Amino acid sequence: MSQPIELQKDETFVLNVGPQHPATHGVLRVKMTMDGEYIYKAETVLGYIHRMHEKMAENRTYPQYMPNMGRLDYLSAMAFNHGYALVVERACGIEVPERAEYIRVITVELNRISSHLVWLGAYVLDLGGFTPLMYCFDDREQILDLLESVTGSRLTYCYFRFGGLYNDIDDEFITGTRAFIIRMRKELKMYAKLVTGNIILMKRLQGHGIIDKDMCQRYGATGPVARGSGLNYDVRKNEPYSVYPELDFDIPVNDGCDSYARYLVRMEEMEQSLRIIEQALDKLPEGPVNPEKKPKLIKPPSGDYYAAVETARGNFGIRLVSDGGKNAYRLKLRSPTYSNMHLFDEACRGMLLADALAFMGSLDLVIPEMDR
Amino acid sequence: MGGYFSDLFSGTKSLLDGMWVTLKEFPKRPVTLSYPHESLKMYARYRGHIELIGDEENKPNCVVCGMCERACPSGCIHLAGEKPEGGKKKVLTSYTLDFTTCSLCGSCVESCNFDAIRFSNEYNLASTRKEDFIIDLLKRLEEQDK
Ligand code: SF4
Ligand code: SF4
Chain A
9 MSQPIELQKD
19 ETFVLNVGPQ
29 HPATHGVLRV
39 KMTMDGEYIY
49 KAETVLGYIH
59 RMHEKMAENR
69 TYPQYMPNMG
79 RLDYLSAMAF
89 NHGYALVVER
99 ACGIEVPERA
109 EYIRVITVEL
119 NRISSHLVWL
129 GAYVLDLGGF
139 TPLMYCFDDR
149 EQILDLLESV
159 TGSRLTYCYF
169 RFGGLYNDID
179 DEFITGTRAF
189 IIRMRKELKM
199 YAKLVTGNII
209 LMKRLQGHGI
219 IDKDMCQRYG
229 ATGPVARGSG
239 LNYDVRKNEP
249 YSVYPELDFD
259 IPVNDGCDSY
269 ARYLVRMEEM
279 EQSLRIIEQA
289 LDKLPEGPVN
299 PEKKPKLIKP
309 PSGDYYAAVE
319 TARGNFGIRL
329 VSDGGKNAYR
339 LKLRSPTYSN
349 MHLFDEACRG
359 MLLADALAFM
369 GSLDLVIPEM
379 DR
Chain B
84 MGGYFSDLFS
94 GTKSLLDGMW
104 VTLKEFPKRP
114 VTLSYPHESL
124 KMYARYRGHI
134 ELIGDEENKP
144 NCVVCGMCER
154 ACPSGCIHLA
164 GEKPEGGKKK
174 VLTSYTLDFT
184 TCSLCGSCVE
194 SCNFDAIRFS
204 NEYNLASTRK
214 EDFIIDLLKR
224 LEEQDK
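Sequences listed follow chains A and B, in order. The numbers in the first sequence follow our numbering, run straight up by one, and end at 380. The numbers in the second sequence follow our numbering, run straight up by one, and end at 229.
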């Protein structure tokens, strides 16, 4: 990595990246103090799309808050649905039928693949390669069609309900998903050839954007960012929820610590998600998708509850404090990219501006989830 | 020097690999549609804005219980009804949906116990005027083909 010999603090200037910048993929502003082409300091400024999601939970009933979950991370909304459903189910002690659990896992994993596909396309686009984006969006379209046929929406899903789901899946969805698995395995081979093995990509990513294990732990980075630095942490394995313990899958970890390592982790994750979906489809039991006695009024007993899920970007935690009323007393959302972004300042010091933007893309930022 | 030639070699290989992938896409049919000349048929479960369900004479099934209005997180449903003279049941007199704030969550459809609302398949709704999204669902139902 190119390091400047010595940074001259008194000869710096401030460069604004964003709030409207194509590389940030959203309204994120980074105030960079530059020494020539090198970054001296990078300060993240949030608040441009703050919508008070946490406060909103306090003035609406529990079911009414569910649509908000689709609007945090618009690329992996299903996992956020899962997190919120999980915490309320824990609080109220609602049992979820097994079929619903399996369908939850299938839809969440499909959503994870579609999220990684957007990241892959957009990231390679940031680096200057246009074509892969088209292939990624074509594959993602298949997933969106599948999910649309069961949930009714394409991005901002509001599909999970406390104790179950909005509706059951049908045979068409199952055959469609099986066909998609076969297609996607072929496509992943194509991506490996077209993108992963590409020399320009390797030269841009290998050895750039180093974040070590220690830094990840200090900033609380999770997801592919932490796993690309050799930290074997995944909520699906470490604090298992739903039916993940019954499925056989691996957590890809890479010790590379650079942007390429994070890239490889995400590519491998897509394959693992396909494995999970395949097994879940095989094991899918018959039965209802909603509990027999659907709770009419959701009023968790007063107390403090927590649930965490693994979204496409890392650990999404949700803490619910209830005073026994119809609305939450306090709801705290812990979103993965908020922590992942904060190591950016320390990691990018002394980096060339162009490298820093390539590094930012490898963090897979989704701004509405960071700035909620 | 060796690094230079190996880079050159793998660079050429990357280029040829990429061109081969592109070439294979060449004879395939396009995956896009030329909207608005063609448009897609939506899935049966597609969530467009809500609509009222009526009987054979396009009279709404709604009994004006107000459950949907209360369930809506964004307060986008406004309805009113009155008891006709001599009649027992309330009759719906207006049902407006403010689609500008609807999040298509489905709470209203779930909360209705009288099979009176469902999601429509409408998605061609582009407009620059806000009023176009304040939809009078009762009028919409009455104007539907019987
Ligand atoms: S779908 Fe949700 S937001 Fe829209 S009218 Fe129904 S309850 Fe309200
Ligand atoms: S819940 Fe159904 S019956 Fe009751 S007011 Fe709404 S549409 Fe009418």
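In this text, a Cβ means the ideal position worked out from N, Cα and C, and glycines have one as well. Note that the structure is predicted; figures quoted are calculated from it, not measured.
Between residue i and chain B, is the shortest Cβ-Cβ distance under 8 Å, so that the two count as touching?
i	result
A:Leu341	no
A:Ser10	For A:Ser10, the predicted model reports a pLDDT of 46, less than 50, meaning its position is unreliable; a value from the coordinates is still stated below. So, not an interface residue.
A:Tyr314	no
A:Asn323	no
A:Lys201	yes
A:Pro75	yes
A:Asn206	yes
A:Gly101	no
A:Thr139	yes
A:Ile13	At A:Ile13 the pLDDT is 49, less than 50, meaning the model places this residue with poor confidence; the figure from the coordinates comes in the next sentence. No, its Cβ sits nowhere closer than 8 Å to a Cβ of chain B.
A:Cys144	no
A:Met275	no
A:Pro71	yes
A:Gly160	yes
A:Arg68	yes
A:Met198	yes
A:Tyr174	yes
A:Cys166	yes
In chain C, which residues lie less than 7 Å from residue i when you measure between Cβ atoms?
i	result
A:Glu156	Absent here is chain C; the protein component of the structure consists of chains A and B.
Return yes when the Cβ of residue j is within less than 8 Å of the Cβ of residue i, no when it is not.
i	j	result
A:Cys265	A:Gly238	yes
A:Pro71	B:Ser190	yes
A:Met278	A:Leu196	yes
A:Glu106	A:Gly171	no
A:Leu328	A:Glu62	no
A:Tyr314	A:Gly325	yes
A:Leu417	A:Ile219	Absent from the model: residue 417 of chain A. The displayed extent of chain A is 9 to 380, so no value can be given.
A:Ile47	A:Ile111	no
A:Asp146	B:Val174	no
B:Thr176	B:Glu165	yes
A:Ala366	A:His216	yes
A:Phe88	A:Thr319	yes
A:Leu255	A:Ile114	no
A:Asp381	A:Glu377	Outside the modelled stretch of chain A, which goes from 9 to 380, sits residue 381 of chain A, for which no answer is possible.
A:Asn323	A:Arg68	no
A:Met6	A:Ala50	What is shown of chain A runs 9 to 380, which leaves residue 6 of chain A out entirely.
With DSSP run on the structure shown, which of helix, strand or coil describes residue i?
i	result
A:Phe324	strand
A:Pro12	Residue placement at A:Pro12 is flagged as unreliable, the pLDDT there being 49, under the threshold of 50; the coordinate-derived value follows with that caveat. A:Pro12 falls in the coil class under three-state DSSP.
A:Glu318	strand
A:Ile111	helix
B:Phe202	strand
B:Lys96	helix
B:Phe197	coil
B:Ser89	helix
A:Val116	helix
A:Thr69	strand
A:Asp312	strand
A:Ile190	helix
A:Val158	helix
A:Val297	coil
A:Val95	helix
B:Phe109	coil
A:Val203	helix
A:Gly184	helix
A:Phe21	strand
Is residue i near ligand 3 - that is, is its Cβ less than 7 Å away from at least one heavy atom of it?
i	result
B:Pro156	Absence of ligand 3 is noted for the structure shown, with ligand 1 and ligand 2 being the only ligands found.
Could you confirm whether any beta carbon from chain A is found closer than 8 Å to the beta carbon of residue i?
i	result
B:Pro29	The shown model of chain B, from 84 to 229, leaves out residue 29 of chain B, and the question about it has no answer.
B:Gly94	yes
B:Cys195	no
B:Phe202	yes
B:Pro110	no
B:Asp90	yes
B:Val146	no
B:Gly86	no
B:Leu187	yes
B:Pro156	yes
B:Thr183	no
B:Gly170	no
B:Asp100	yes
Every unbroken alpha helix (DSSP H) within the stretch 211-284 of chain A, with a cutoff of 4 residues, ordered by chain: Taken in chain order, the unbroken stretches of alpha helix (DSSP H) that lie wholly in the stretch 211-284 of chain A and span 4 residues or more are 221-227, 231-235, 243-246.
Pocket of ligand 2 (residues with CB nearer than 6 Å to any heavy atom), chain order: In chain order, the hits are B:Cys145, B:Val146, B:Val147, B:Cys148, B:Gly149, B:Met150, B:Cys151, B:Leu162, B:Ser194, B:Cys195, B:Phe197, B:Ala199, B:Ile200.
Where in the stretch 112-148 of chain B do unbroken runs of the beta strand (DSSP E), each at least 3 residues long, occur, reported from the N-terminal end onward? 133-135
At 3 residues or longer, and completely inside the stretch 152-189 of chain B: list those beta strand (DSSP E) runs for me, N to C. 160-165, 174-181
Residue ranges of each alpha helix (DSSP H) within the stretch 28-64 of chain A, 4 or longer: Within the stretch 28-64 of chain A, the complete alpha helix (DSSP H) segments at least 4 residues long are 61-64, listed from N- to C-terminus.
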